[in-house]
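Q: Got a structure here, written out as structure tokens. Questions coming.
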Amino acid sequence: MFSTRRLVYLALLLAMATTLHVLEGLFPIPLPFPGVKLGLANIVTLLVLYLYDLRAAMTVAIARVFLGSLLGGTFFAPAFFLGLTGALISTLVMALLVKKTTFFSPLGISLSGAVSHNLGQLLMASFLLQNQAIFFYLPILLLGAIPTGLMTGYLLQGLLERLEATGILAELTKN
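See below:
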């Protein structure tokens, strides 16, 4: 059962993730190939995994994609399905790494999330286009996923350290 405190924190984290999702869509990265994003909203999803559990993180990830697509005008467009599939798969992969291993740091987990997000998007694109040739685009997406995944992991690691140093981390995880 969720406490009121936890529900409020999850709602605030969802609002932050949705805001980052929408803002990121307004400022595309000026690269010669489409599909590369910073993935700033995934920082919040990964933070929820560290604070709570897979169920909470999936709820935030799915709600963020729904709300972000409604606000961004892409609801039920191909971009919505690409984002939803990427969010589901990356959240699942990151949850496995956070909860089942102690080997990976936030950087490694974030990097795994970025790569699995791209794989999920390509799976959905392949399904929508009924063509597997889209997977030839993977190396280009990985050129973006690796630095952005490391960057978001680095930001999360710093955030976790600051939340712990200030005592906020303990407050957030109280039920």
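So in the working numbering, the last spot in the sequence shown is 181, and the numbers never skip. Here a beta-carbon is modelled for each residue, glycine too, at the ideal position from N, C-alpha and C.
1) Do you know whose CA, among 64, 122, 54, 158, lies nearest residue 148's CA?
2) State the DSSP-derived secondary structure class of residue 32, mapped to helix, strand or coil.
3) Please report the straight-line C-alpha distance between residue 13 and residue 32, rounded to a whole angstrom.
4) So, using beta-carbon positions, are residue 104 and residue 118 closer together than 7 Å?
5) CB residue 66 to CB residue 23, shorter than 7 Å?
6) Rank 16, 62, 160 by C-alpha distance to the C-alpha of residue 45 and give the top, closest one.
7) Would you mind listing the beta strand (DSSP E) stretches within the region 115-143 that are 3+ residues and don't spill past its ends, in chain order?
8) For residue 70, does the count of other Cβ atoms within 10 angstroms reach 16, so buried, or fall short, so exposed?
9) By DSSP, does residue 105 sit in helix, in strand, or in coil?
10) Starting from residue 62, trace the alpha helix (DSSP H) in both directions and tell me its first and last residue.
11) Could you check what DSSP says for residue 45 in three-state terms: helix, strand or coil?
12) How many Å lie between residue 83 and residue 127 at the Cα?
13) When you compare only the Cα positions, how much space is there between residue 92 and residue 142?
14) Short check: CB of residue 113 to CB of residue 156, under 7 Å?
A: On the basis of the coordinates in this document:
1) Out of 64, 122, 54, 158, 122 has the C-alpha closest to the C-alpha of residue 148.
2) helix
3) 29 Å
4) no
5) Yes; because the gap between Cβ atoms is below 7 Å, this pair is in contact.
6) 160
7) Runs of the beta strand (DSSP E) spanning 3 or more residues and lying entirely within the region 115-143 do not occur at all.
8) Answer is buried; the Cβ neighbour count reaches 16.
9) helix
10) In the DSSP annotation of this structure, the continuous segment of the alpha helix (DSSP H) that includes residue 62 starts and ends at 60-78.
11) coil
12) 13 Å
13) Taking the straight line from one Cα to the other gives about 17 Å.
14) yes
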